[in-house]
Each structure stands twice: as C-alpha cells, then as structure tokens.
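Numbering (the numbering used here), first residue to last: 1238 to 1329.
For glycine and all other residues, C-beta sits at the position ideal for the given N, C-alpha and C.
A quick note: this is a predicted structure, and the numbers were derived from the prediction, not measured.
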Amino acid sequence: APGPAASAPPRRPRRSGAGEADGEALLSPLGGTVLRVAVEPGATVERGALICVIEAMKMENEITAHRGGTVAELTVAGGTAVASGDPIAVIR
C-alpha cells in the first residue's frame, strides 16, 4: 500500500534575498519556481518582511525583504521560474 499522501512541501527557514549589495533590487538567492507573492506594488515593507515563496527541490523558501521601503516594482508572479540572481522586486 502507498505511504501517506504528500502534503505541502516542508518549509525552510526564511532566507533573505541576495540583493543587499545591489541597493534597491531584491535578487533571488536560488533558482526555482515562485509559488506565491505576498506583497503588491506600493506596499510598505520592513526589512525581513515576506516578499514571496520560491519552491526549489520540493522545499518552500521564504524570500524576505533585504531593506525597508516601498515595493516599487515586482518582476515575478506565481508560477514564474527564477534563477539565482534574477530580480524579484525593487524596494525603494
């Protein structure tokens, strides 16, 4: 008989975006598929706020804001494939 049904993928601890050296741009720290976006353009966020969740190797990775500010632009949506270093958002 098959094992228990798989539920949602396990979650990894929050990961900050890799864009700190690039000022306003939040860059993806890993490759994968965006499962969901937690903010909209115009939203005010604090450093560490959830921006999106990226699934990679059956793990959900929470991508958080690298700085506080206003989300000026989102470059991803649910279902978007991203590579490490791809821009996710611009936070000004």
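Taking C-beta atoms as the reference points, Gly-1269 and Met-1294 count as a pair closer than 9 Å. Here DSSP, grouped into helix, strand and coil, assigns Val-1276 to coil. About 5 Å separates the beta carbons of Gly-1305 and Glu-1283, which is inside the 8 Å limit, making them a contact pair. A residue is called buried when at least 16 other Cβ atoms come within 10 angstroms of its Cβ; Ala-1262 meets this threshold and is buried. Ser-1321 is classed as exposed because its beta carbon has fewer than 16 other beta carbons within 10 Å across all chains shown. Beyond the five residues adjoining it in sequence on each side, Thr-1312 comes within less than 7 Å, by CB distance, of Pro-1324, Ile-1325 and Ala-1326 in the same chain, given in chain order. With respect to the 9 Å criterion, Ala-1275 and Ile-1288 are classified as neighbours on the basis of their beta carbons.
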